[in-house]
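Participant: In terms of the numbering used here, the sequence shown is residues 16 to 155.
All C-beta atoms, glycine included, are put in the ideal place defined by N, C-alpha and C.
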Amino acid sequence: MYHTIDRIYQTFQYLLANFPINNNPLEFRIRPLLYESNHVLYQIHLILHQPQPNLYQLKQLFSILYRDDEALDPLVRAWGRASIWMEITPSNVVQHRLDLYQSIQKDLERLVPYIKGIYGEEDTRYIVPPLYRKEVGADY
Numbered sequence: 016m017y018h019t020i021d022r023i024y025q026t027f028q029y030l031l032a033n034f035p036i037n038n039n040p041l042e043f044r045i046r047p048l049l050y051e052s053n054h055v056l057y058q059i060h061l062i063l064h065q066p067q068p069n070l071y072q073l074k075q076l077f078s079i080l081y082r083d084d085e086a087l088d089p090l091v092r093a094w095g096r097a098s099i100w101m102e103i104t105p106s107n108v109v110q111h112r113l114d115l116y117q118s119i120q121k122d123l124e125r126l127v128p129y130i131k132g133i134y135g136e137e138d139t140r141y142i143v144p145p146l147y148r149k150e151v152g153a154d155y
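1) With 16 other CB atoms within 10 Å as the buried threshold, where does Tyr-17 fall?
2) Okay, do the segment 58 to 67 and the segment 105 to 122 touch, 3+ Cβ pairs below 8 Å being the bar?
3) Assuming Ile-103 contacts Asn-37 (C-beta within less than 8 Å), just tell me the rounded distance between them.
4) Rounded to the nearest angstrom, what separates Pro-89 and Ile-99 at their Cα positions?
5) Compute the Euclidean distance between the alpha carbons of Leu-87 and Pro-40, then round it to the nearest angstrom.
6) Can you check whether the CB of Asp-138 is closer than 8 Å to the CB of Thr-19?
7) Which of the three DSSP states, helix, strand or coil, is assigned to Val-91?
8) Touching or not, the segment 52 to 59 and the segment 21 to 30, by the rule of three or more beta carbon pairs under 8 Å?
9) From this set, Leu-70, Ser-78, Leu-49 and Ile-45, which residue's C-alpha is nearest Pro-28's C-alpha?
Structure, rendered in structure tokens:
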């Protein structure tokens, strides 16, 4: 779990350091969500390294993280389409950012079993949106 959270945090750090690339309105909507997610991940990291983690606060932070990503998804996809269409930035740069975002989504899916282990199946339904709770037969 720690490794996955650290990887997501590092990816957000990279995306924040390398945005905006086109200075278009979609990037102005994406940036605050990236900042909030980055801040939430930092707080999650701090809580998980405490001897007695505050599970209530952790639950709230996980919920914010998943809701932010749920809001980011359509914006990032629209940004990718618009950026490639406008041809202001090389398509390989845009695709790299899209690939990084996809890796964040995969890592968020990998966290679901850990969240279920902490909060149980019922509470996880309120923390993690259905998009991320895909049941896969393999372990994460």
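Facilitator: Concretely, from the data shown:
1) Mapped onto the sequence shown, residue 17 falls at position 2. Around the beta carbon of Tyr-17, a 10 Å sphere encloses fewer than 16 other beta carbons of the protein chains shown; the residue is thus reported as exposed.
2) no
3) Residue numbering aside, residue 103 sits at position 88 when the sequence shown is read from its first letter. Residue numbering aside, residue 37 sits at position 22 when the sequence shown is read from its first letter. Confirmed, Cβ separation roughly 5 Å.
4) By one-based count along the sequence shown, residue 89 stands at place 74. By one-based count along the sequence shown, residue 99 stands at place 84. Between Pro-89 and Ile-99, the C-alpha separation is close to 16 Å.
5) Sequence index remark: in the sequence shown, residue 87 carries index 72 (1-based). Sequence index remark: in the sequence shown, residue 40 carries index 25 (1-based). Cα to Cα, Leu-87 sits roughly 14 Å from Pro-40.
6) Here residue 19 corresponds to residue number 4 of the sequence shown, with the count starting at 1. Here residue 138 corresponds to residue number 123 of the sequence shown, with the count starting at 1. No, they are not a contact pair.
7) The residue you call residue 91 lines up with position 76 of the sequence shown. The answer is helix: DSSP assigns Val-91 an H, G or I state.
8) yes
9) Taking the sequence shown and counting its residues from 1, the one referred to as residue 28 is at position 13. In the sequence as presented, Pro is not what sits at residue 28; that position holds Gln. Taking only the C-alpha atoms, the option nearest Gln-28 is Leu-49.
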